[in-house]
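Peer 1: Before anything else, here's the structure in question.
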Amino acid sequence: SGLVDRKTLEGKGALAAEVNHWLILGDSMLVCHLAEPIWGPLRISDSMINALNAVTGWELNYEQARKIAEREWNIIRCFSAREGFTREDDQLPIRFMEEPVPEGPMQGSHIPKETLERLKDDYFTYRGWDLKTGNPTREKLSELGLDFAVKDVGKGS
23 SGLVDRKTLE GKGALAAEVN HWLILGDSML VCHLAEPIWG PLRISDSMIN
73 ALNAVTGWEL NYEQARKIAE REWNIIRCFS AREGFTREDD QLPIRFMEEP
123 VPEGPMQGSH IPKETLERLK DDYFTYRGWD LKTGNPTREK LSELGLDFAV
173 KDVGKGS
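Residue numbers (the working numbering): 23 to 179.
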């Protein structure tokens with residue numbers, strides 16, 4: 023059906039990473055986030071790729087557009103690592119982790135720190151990043167042709 027079960031953790035790391043790709047590609051195209059629903063579901067859509075190709079003269083397919091977005095996310099993470107950002111900085115507001123939702127379909131739920139850590143593990147694993155640091159690995163950067171950024175991620179990546 024394409025719908026996401028809000029009450030399970032399964033697949034959320036992959037979903038978050040793919041939504042990140044969709045959003046950053048839209049950001050790169052200067053698409054207003056309010057206009058993004060016209061592009062289709064929460065993924066890089068054919069209409070987004072067609073618009074990018076029309077503007078640039080490129081002939082990208084889905085995988086090529088996705089790879090551009092993945093490279094962008096990895097470069098951003100390398101910059102953040104260079105500036106001292108670590109896995110510990112990937113946090114939710116305390117309120118999300120400690121205060122249960124007061125009403126609605128998710129009433130009573132919250133995201134305890136242990137759950138957040140599991141979600142981060144899933145996300146980092148999907149991305150091919152180091153679980154301890156949350157940074158791209160040398161292998162991931164090499165795979166993406168970003169060897170120049172290895173120096174920015176520090177030890178352990």
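Just so it is clear, CB atoms sit at the ideal spot from N, CA and C, and this is done for glycine as well.
1. Take Ala39 and list the residues in its own chain whose beta-carbon comes closer than 7 Å to its own, dropping the five residues that flank it on each side.
2. At a cut-off of 6 Å, would you count Pro134 as near the ligand HEM, judging by its Cβ distance to the nearest heavy atom?
3. Identify, in the order they occur along the chain, each residue of the same chain with its Cβ nearer than 7 Å to the Cβ of Thr108, setting aside the five sequence neighbours on each side.
4. Using DSSP with H/G/I as helix, E/B as strand and the rest coil, what is Trp80?
5. For Met119 versus Lys135, is the C-beta spacing smaller than 7 Å?
6. For Trp44, count the other beta carbons within 10 Å of its own beta carbon; 16 or more makes it buried, fewer makes it exposed. Which is it?
7. Among the candidates Leu153, Tyr84 and Gly130, whose CA atom is the shortest distance from the CA of Asp112?
8. With 16 as the cutoff for other CB atoms within 10 Å, does Glu92 come out buried or exposed?
9. Judging by CA-CA distance, which residue of Asp169, Glu165, Val175 and Asp174 is the nearest neighbour of Lys89?
10. Rounded to whole angstroms, what's the CA-CA distance from Glu121 to Thr137? Just pull it up for me.
11. Inspect the beta-carbon positions of Asp174 and Arg104 and report whether they are closer than 7 Å.
12. Closer than 8 Å by C-beta to Asn83: which residues in its own chain qualify, once you throw out the five before and the five after it? Chain order, please.
Peer 2: Looking at the atomic coordinates:
1. Within the sequence shown, the letter at position 17 stands for residue 39. Excluding the 5 residues flanking it on each side, Ala39 has same chain C-beta neighbours closer than 7 Å at Tyr145, Tyr148 and Arg149, in chain order.
2. In the structure shown, the ligand HEM is absent, as is every other ligand, since no ligand is present at all.
3. Position 86 of the sequence shown holds residue 108. For Thr108, where only same-chain residues beyond five positions count, the Cβ hits under 7 Å are Thr155 and Gly156.
4. For the purposes of this step, residue 80 is taken as residue 58 along the sequence shown, with counting starting at 1. Three-state DSSP puts Trp80 in coil, outside helix and strand.
5. In the sequence shown, residue 119 corresponds to position 97, counting from 1. In the sequence shown, residue 135 corresponds to position 113, counting from 1. Contact: yes.
6. Reading the sequence shown from its first residue, position 22 is the one you call residue 44. Trp44 is buried by the Cβ-count criterion.
7. Reading the sequence shown from its first residue, position 90 is the one you call residue 112. Per the Cα distances, Leu153.
8. Taking the sequence shown and counting its residues from 1, the one referred to as residue 92 is at position 70. Under this definition Glu92 is a buried residue.
9. The residue given as residue 89 occupies position 67 in the sequence shown. Of the listed residues, the one whose Cα sits closest to Lys89 is Glu165.
10. As a working note, residue 121 is residue 99 in the sequence shown. As a working note, residue 137 is residue 115 in the sequence shown. About 14 Å.
11. Indexing the sequence shown from 1 puts residue 174 at position 152. Indexing the sequence shown from 1 puts residue 104 at position 82. Contact check for Asp174 against Arg104 passes: the beta carbons are separated by less than 7 Å.
12. As a first step, residue 83 must be located in the sequence shown, where it is residue number 61. Counting only Cβ-Cβ distances below 8 Å, and skipping sequence neighbours, we find Ile71.
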